[in-house]
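**Q**
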Amino acid sequence: MKKIILIITVVFSLLVVLKAENISTATYLLVNSYPEFSAKGDSVGVCFLGITSASLNPASIAGITNAEFAAMFNQYFEDINSQKISIAKNFNFAVLGFELNYIDLGTITEINSDIYGNPVLSNNTIKSSVLYTSLIFSKKIKDFGFGITSKFIFEDIAENSNFLFCIDAGIIYRNIFVENLNFGISLLNISTQTNSFYTPIDLKSAINYSIYNNFLTISGAVNYLIKDEYLSLYAGLDFSLFDVLILRGGINNNYDNINFTAGFGFVIEGVHFDYSLEVLPFSENIHKFSLNADFGKINTEGKAEINIEKGNTFKDYMESGNFYYESKQYRNAIKYFEYINLLYWRDIENMSDKEKSAFFQKLGICYYNIKDTKRALQYFERANYFDKDNEILKHWIRLLK
Numbered sequence: 002m003k004k005i006i007l008i009i010t011v012v013f014s015l016l017v018v019l020k021a022e023n024i025s026t027a028t029y030l031l032v033n034s035y036p037e038f039s040a041k042g043d044s045v046g047v048c049f050l051g052i053t054s055a056s057l058n059p060a061s062i063a064g065i066t067n068a069e070f071a072a073m074f075n076q077y078f079e080d081i082n083s084q085k086i087s088i089a090k091n092f093n094f095a096v097l098g099f100e101l102n103y104i105d106l107g108t109i110t111e112i113n114s115d116i117y118g119n120p121v122l123s124n125n126t127i128k129s130s131v132l133y134t135s136l137i138f139s140k141k142i143k144d145f146g147f148g149i150t151s152k153f154i155f156e157d158i159a160e161n162s163n164f165l166f167c168i169d170a171g172i173i174y175r176n177i178f179v180e181n182l183n184f185g186i187s188l189l190n191i192s193t194q195t196n197s198f199y200t201p202i203d204l205k206s207a208i209n210y211s212i213y214n215n216f217l218t219i220s221g222a223v224n225y226l227i228k229d230e231y232l233s234l235y236a237g238l239d240f241s242l243f244d245v246l247i248l249r250g251g252i253n254n255n256y257d258n259i260n261f262t263a264g265f266g267f268v269i270e271g272v273h274f275d276y277s278l279e280v281l282p283f284s285e286n287i288h289k290f291s292l293n294a295d296f297g298k299i300n301t302e303g304k305a306e307i308n309i310e311k312g313n314t315f316k317d318y319m320e321s322g323n324f325y326y327e328s329k330q331y332r333n334a335i336k337y338f339e340y341i342n343l344l345y346w347r348d349i350e351n352m353s354d355k356e357k358s359a360f361f362q363k364l365g366i367c368y369y370n371i372k373d374t375k376r377a378l379q380y381f382e383r384a385n386y387f388d389k390d391n392e393i394l395k396h397w398i399r400l401l402k
């Protein structure tokens, strides 16, 4: 109940600022998300953690333990494209982030009139572009994260320069009712301008649920452009194969049509490559490419995260192993999981069959990702022993035999 009250209070506070009745501008702010989320519908990214969803919800970087970096190239249509660089760093008191966006809106041929007032094409071309930066502040309190972003936008549209300022705000709650169920909400592009124009004020809310150790993640989202009174719905899937190849797809009703999106990603030792394809009803398809990296857990004392000579607990080893596993740093994860196998085998025996299966399945995935298929098969078979009806494990075992 406290969670629900907190969420309602924050959302109400965000909506209080929305009073003016103006005309929307800067709609390019609505389409500049990373391909990880474009592949399944932009708005679902509101409930995911990481630097790639920072432009959708500033609270997303709250869970960063050291630093993350991302870069993206988007090809829209003809000569219109955009580039983005994002970085975030944990400073103990909070996580701070920075984004730099450049959007090339292409060139158009200037139109003049002849002596009779008829339109004629001139030999002059006009180039338009947008440059904007984002400064992000985010903080995490247990499973709750919140954040705020300041955006500074410099437009050069048809030789007319303009400056806009707006802010984003959002929250994320992990494991909100059950484990692996995550919720996020954000309010984007809140403009300080009260006359003539305003940026497209965008309310997003999303939820995702992961099963089988992130083998499948199901997402859903609602997007509402407040001044335009336009509502759109999104649904998406992530399908992970051995935590190396991730296939993505989504469906939405944006632009008053049923639209499909798709994409894929590769993950190797904390480095991610992602691609997305958006099929639009009114123009050419949109292609996006990105590269991002997670630099792992911050180490403030300059020592190993766990010193095995200090007699750390089973829980310590498991938390460290899970951290490196989720960060795709599989060699480090193996080290801690194998410590558990060696030192805490009695604790493993006290686990439920489902917990034993999940533990050995993680070890199998780790060994598979470092190309040790023999040990991967051994751990998959051990995991399957404790979960004999798990068809995914059976499939992996068949692949490796």
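With the sequence shown counted from 1, adding 1 to any position gets you our numbering. Glycine residues also receive a C-beta, built at the ideal position from the N, C-alpha and C atoms.
Just to confirm before moving on: does the CB-CB distance between Ser83 and Asn75 stay below 8 angstroms?
**A** If you number the sequence shown from 1, residue 83 lands on position 82. If you number the sequence shown from 1, residue 75 lands on position 74. Yes, Cβ-Cβ distance for Ser83 and Asn75 is below 8 angstroms.
**Q** Cβ atoms of Tyr337 and Ser321: under 8 angstroms apart, would you say?
**A** Taking the sequence shown and counting its residues from 1, the one referred to as residue 321 is at position 320. Taking the sequence shown and counting its residues from 1, the one referred to as residue 337 is at position 336. Contact: yes.
**Q** Curious, which full-length beta strand (DSSP E) runs of at least 3 residues does the segment 139-217 contain?
**A** Listed in chain order, the complete beta strand (DSSP E) runs (minimum 3 residues) inside the segment 139-217 are 145-158, 161-174, 182-192 and 203-212.
**Q** Going by alpha carbons, who is nearest to Asn255 out of Phe324, Phe38 and Asp43?
**A** In the sequence shown, counting from the first residue as 1, residue 255 sits at position 254. That would be Asp43, whose Cα lies nearest to the Cα of Asn255.
**Q** For the alpha helix (DSSP H) holding Lys363, just list the boundary residues, first then last.
**A** Here residue 363 refers to the residue found at position 362 when the sequence shown is read from its first residue. Residues Asp354 to Asn370.
**Q** Within the same chain, show all residues whose beta-carbon is closer than 6 angstroms to that of Asp80, passing over the 5 residues directly before and after it, in chain order.
**A** Against the sequence shown, residue 80 aligns to sequence position 79. Same-chain partners within the cutoff: Gly107.
**Q** Excluding five sequence neighbours on each side, which residues of the same chain lie with their C-beta closer than 7 angstroms to the C-beta of Tyr369?
**A** Locating residue 369 in the sequence shown gives position 368, counting from the first residue. Taken in chain order, the residues that qualify are Phe243 and Ala377.
**Q** Can Phe324 be considered in contact with the ligand FAD, in the sense that its beta carbon sits closer than 7 angstroms to one or more heavy atoms?
**A** Of the ligands one can find in the structure shown there are none, so the ligand FAD has no counterpart to examine.
**Q** In terms of DSSP beta bridges, what is Met73 paired with?
**A** As a first step, residue 73 is located in the sequence shown; it is residue number 72 there, counting from the start. Lys85 and Ser291, per the DSSP bridge assignment.
**Q** On the DSSP letters alone, give me the boundaries of the alpha helix (DSSP H) that Gly322 sits inside.
**A** Position 321 of the sequence shown holds residue 322. Unbroken alpha helix (DSSP H) run through Gly322: Phe315 to Glu327.
**Q** Kindly indicate the opening and closing residues of the alpha helix (DSSP H) around Phe243.
**A** Counting from 1 along the sequence shown, the entry for residue 243 is found at position 242. Segment: none, Phe243 is in no alpha helix (DSSP H) and carries neither H nor E.
**Q** When the Cα atoms are used, what is the spatial distance from Ile186 to Leu344?
**A** Position 185 of the sequence shown, counted from the first residue, corresponds to residue 186. Position 343 of the sequence shown, counted from the first residue, corresponds to residue 344. In a straight line, the C-alpha of Ile186 is about 43 angstroms away from that of Leu344.
**Q** For the alpha helix (DSSP H) that contains Asn333, what are its first and last residues?
**A** The residue given as residue 333 occupies position 332 in the sequence shown. Looking at the DSSP string, the run of the alpha helix (DSSP H) that includes Asn333 is Tyr331 to Leu344.
**Q** Please say whether Val96 and Ser1 have beta carbons closer to each other than 8 angstroms?
**A** The question about residue 1 has no answer, for the chain in this structure spans 2 to 402.
**Q** Looking only at its own chain, which residues have a Cβ that is under 8 angstroms from the Cβ of Thr10, when we skip the five neighbours before and after it?
**A** Here residue 10 is taken as the residue at index 9 of the sequence shown, counted from 1. Interpretation of Thr10 is limited by its pLDDT of 39, a score under 50 that renders its predicted location unreliable; the figure taken from the coordinates is listed afterwards. Correct list: empty, nothing qualifies.
**Q** Buried or exposed for His396, please, with buried defined as at least 16 other CB atoms from any protein chain shown within 10 angstroms of its CB.
**A** On the sequence shown, residue 396 is found 395 positions in, with the first residue counted as 1. Classification for His396: exposed.
**Q** Report yes if the CB atom of Thr53 is closer than 8 angstroms to the CB atom of Pro201, and no otherwise.
**A** Numbered from its first residue, the sequence shown carries residue 53 at position 52. Numbered from its first residue, the sequence shown carries residue 201 at position 200. It is not a contact, given that the beta carbons lie outside the stated cut-off.
**Q** Measuring only the C-alpha atoms, how far is Ser358 from Phe164?
**A** Reading the sequence shown from its first residue, position 357 is the one you call residue 358. Reading the sequence shown from its first residue, position 163 is the one you call residue 164. Rounded to whole angstroms, Ser358 to Phe164 spans 56 angstroms at the Cα level.
**Q** How is Thr28 classed by DSSP in three states: helix, strand or coil?
**A** Taking the first residue of the sequence shown as position 1, residue 28 is located at position 27. Three-state DSSP puts Thr28 in a helix.
**Q** State the start and end residues of the unbroken beta strand (DSSP E) segment that holds Asp262.
**A** Counting from 1 along the sequence shown, the entry for residue 262 is found at position 261. At residue 262 the sequence reads Thr, which differs from the Asp that was named. Counting along the chain, the beta strand (DSSP E) containing Thr262 begins and ends at Asn260 to Ile269.
**Q** Quick one: Cα of Leu132 to Cα of Asn33, how far?
**A** Within the sequence shown, residue 132 is the residue found at index 131, counting from 1. Within the sequence shown, residue 33 is the residue found at index 32, counting from 1. Going from the Cα of Leu132 to the Cα of Asn33 covers about 12 angstroms.
**Q** Who are the Cβ neighbours of Ile104 in its own chain at under 6 angstroms, not counting the five residues just before and after it?
**A** Position 103 of the sequence shown holds residue 104. For Ile104, where only same-chain residues beyond five positions count, the Cβ hits under 6 angstroms are Tyr29, Ser83 and Val131.
**Q** Taking all protein chains shown into account, do 16 or more other C-beta atoms lie within 10 angstroms of the C-beta of Tyr35, making it buried, or fewer, making it exposed?
**A** For the purposes of this step, residue 35 is taken as residue 34 along the sequence shown, with counting starting at 1. It is buried - the Cβ of Tyr35 has at least 16 other Cβ atoms within 10 Å.
**Q** Could you give the DSSP three-state label for Thr404: helix, strand or coil?
**A** Nothing about residue 404 can be read from this structure; the chain reaches only from 2 to 402.
**Q** Take Asp275 and list the residues in its own chain whose beta-carbon comes closer than 6 angstroms to its own, dropping the five residues that flank it on each side.
**A** By 1-based counting over the sequence shown, the position of residue 275 is 274. Pro36, Glu37, Gly266 and Ser291, listed in sequence order.
**Q** Pull up the DSSP beta-bridge partners for Glu100, would you.
**A** If you number the sequence shown from 1, residue 100 lands on position 99. Ser87 and Ser135, per the DSSP bridge assignment.
**Q** Given a threshold of 16 other Cβ atoms within 10 Å of its Cβ, counted over all protein chains shown, does Leu364 qualify as buried or as exposed?
**A** Here the question's residue 364 lines up with position 363 in the sequence shown. Buried, by the Cβ-count rule.
**Q** When you compare only the Cα positions, how much space is there between Phe261 and Arg249?
**A** Working through the sequence shown from its first residue, we reach residue 261 at position 260. Working through the sequence shown from its first residue, we reach residue 249 at position 248. Approximately 11 angstroms between the Cα atoms of the pair.
**Q** Residues bridged to Glu279 by DSSP?
**A** Within the sequence shown, residue 279 is the residue found at index 278, counting from 1. DSSP lists Thr262 and Ile287 as partners of Glu279.
**Q** Could you pull the DSSP bridge partners for Thr108 from this structure?
**A** As a working mapping, residue 108 is identified with position 107 in the sequence shown. According to DSSP, which records beta bridges pairwise, Thr108 is partnered with Lys128.
**Q** Could you say which of Ser139, Ala159 and Ser162 lies nearest to Ser1 if we only look at CA atoms?
**A** The shown model of the chain, from 2 to 402, leaves out residue 1, and the question about it has no answer.
**Q** Assign Leu57 to one of three DSSP states: helix, strand, or coil.
**A** What you label residue 57 is simply residue 56 of the sequence shown in a count that begins at 1. Correct three-state label for Leu57: coil.
**Q** For Val47, is the classification buried or exposed, using 16 other Cβ atoms within 10 angstroms of its Cβ as the cut-off for buried?
**A** As a first step, residue 47 is located in the sequence shown; it is residue number 46 there, counting from the start. Its Cβ being crowded by 16 or more others within 10 Å, Val47 is buried.
**Q** I'd like to confirm the pairing. Which residues does DSSP put opposite Asn253 in its beta bridges?
**A** Start at 1 with the first residue of the sequence shown, and residue 253 comes out as number 252. In the DSSP output, where bridge partners are listed per residue, Asn253 has Tyr235 and Asn260.
**Q** Between which two residues does the alpha helix (DSSP H) harbouring Ile398 extend?
**A** On the sequence shown, residue 398 is found 397 positions in, with the first residue counted as 1. Looking at the DSSP string, the run of the alpha helix (DSSP H) that includes Ile398 is Glu392 to Leu401.
**Q** Determine the closest residue to Tyr210 out of Leu238, Leu234, Val223 and Gln379, with distance taken between C-alpha atoms.
**A** Here residue 210 is taken as the residue at index 209 of the sequence shown, counted from 1. Measuring from the Cα of Tyr210, the nearest candidate turns out to be Leu238.
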